[in-house]
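In full-length UniProt numbering, the protein residues as written are 1 to 333.
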């Protein structure tokens with residue numbers, strides 16, 4: 001049977017020469033919150049008054065039993081066990097280790113693994129939602145143990161558990177440099193009656209993630225004309241085709257039929273997220289073809305903004321990705 005950890009209470013005035021087993025935090029409301037003394041600090045006579053000022057009449061001296069490890073070592077080992085590429089680990093602070101992005105990319109988090117790890121007694125592992133764009137310095141996750149010390153066998157169990165999942169539990173995937181073709185439909189734009197508003201919006205979103213809109217081509221509300229423009233981009237070998245406009249149920253809107261008409265496999269037409277419910281995702285071989293609803297033109301975040309980063313990170317969208325957007329997908333109605 002593993003020996004339980006022991007802590008010995010010592011009056012702070014009698015603690016000179018003793019080592020602190022954990023960080024001591026100072027809180028000055030509205031002014032400061034941070035570390036007053038770091039774990040491992042050897043108490044001197046000059047430290048007595050600062051310790052008393054944060055309410056420490058006594059301190060605990062840790063008597064580490066065999067088979068246990070300290071919170072700092074545990075935090076580092078957990079973070080290493082769950083981390084993949086594109087992350088840097090912070091030094092432990094009050095037992096907590098954070099995982100920060102070291103590059104711009106797409107945050108990937110294995111939700112099932114996060115729940116499995118947190119089911120282990122004494123473990124705290126907190127993450128952001130996955131599939132979000134992150135930049136260097138962005139905190140994706142943090143971990144610590146709940147007690148000050150923990151049986152090393154529990155951390156070994158966690159390390160083994162982490163290896164059972166396919167790929168890292170948390171990582172930052174790089175965006176790929178893709179060539180994007182943009183087809184803008186609508187007889188009113190094609191004829192010059194109104195000015196196109198889609199082009200600049202799409203270029204900004206695509207270029208912000210490191211890809212390029214190689215050309216924007218226009219087509220009237222005619223199925224064959226739209227098909228011709230889509231096929232021209234496919235023949236030129238683009239990596240992604242975006243078709244804007246013509247996605248409503250109006251009889252003059254021909255975009256969905258044109259996307260299917262080029263022989264693309266339609267993943268799904270329509271998603272429960274608002275705004276952006278009329279999005280279509282299809283594939284011609286490995287090339288995604290997206291039909292973008294009008295909301296993309298004037299709303300800052302739609303279903304298109306959910307899937308564009310994933311596509312530019314090299315992921316393939318499936319039907320369940322689209323249907324799952326209903327939960328939490330009400331952004332504006």
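Don't be surprised by glycine CBs; every beta carbon is placed ideally from N, CA and C. None of the values given here were measured: they were computed from a predicted structure.
Query, Result
"Per the DSSP calculation, residue 93 is bridged to which residue(s)?", "96"
"If you count every other CB in all the chains shown that lies within 10 Å of the CB of residue 322, and 16 or more means buried, which is it?", "buried"
"Taking a contact to mean a Cβ-Cβ separation below 9 Å, would you say residue 178 touches residue 211 in this structure?", "yes"
"Just the Cα atoms here: how many angstroms apart are residue 186 and residue 225?", "11 Å"
"Ends of the alpha helix (DSSP H) at residue 268?", "No alpha helix (DSSP H) contains residue 268, which is instead part of the beta strand (DSSP E) from 265-269."
"Return the bridge partner residues of residue 105 from the DSSP annotation.", "134"
"Should residue 332 go down as buried or exposed, given a rule of 16 or more other Cβ atoms within 10 Å for buried?", "exposed"
"Looking only at DSSP bridge pairs, what is residue 142 linked to?", "98 and 126"
"In the DSSP assignment, find the alpha helix (DSSP H) that holds residue 219 and state where it starts and stops.", "Here residue 219 belongs to no alpha helix (DSSP H); instead the beta strand (DSSP E) covers 212-219."
"In its own chain, which residues sit with a C-beta less than 8 Å from the C-beta of residue 118, not counting the 5 before and 5 after it?", "124 and 125"
"Tell me, please, whether the segment 137-148 touches the segment 196-211 by the rule of three or more beta-carbon pairs shorter than 8 Å.", "no"
"Tell me, which residues are paired with residue 8 by DSSP?", "61"
"Assuming residue 279 and residue 293 form a contact by the criterion Cβ under 8 Å, report the distance between their Cβ atoms to the nearest whole angstrom.", "6 Å"
"Could you name the residues of the same chain whose beta carbon sits closer than 6 Å to that of residue 2, not counting the 5 residues immediately before and after it, in chain order?", "Annotation note: pLDDT 43 at residue 2 (below 50); position unreliable, no value reported."
"Does the Cβ of residue 264 have 16 or more other Cβ atoms within 10 Å, making it buried, or fewer, making it exposed?", "buried"
"Based on Cα-Cα distance, which residue from 64, 12, 95 and 140 lies nearest to residue 54?", "12"
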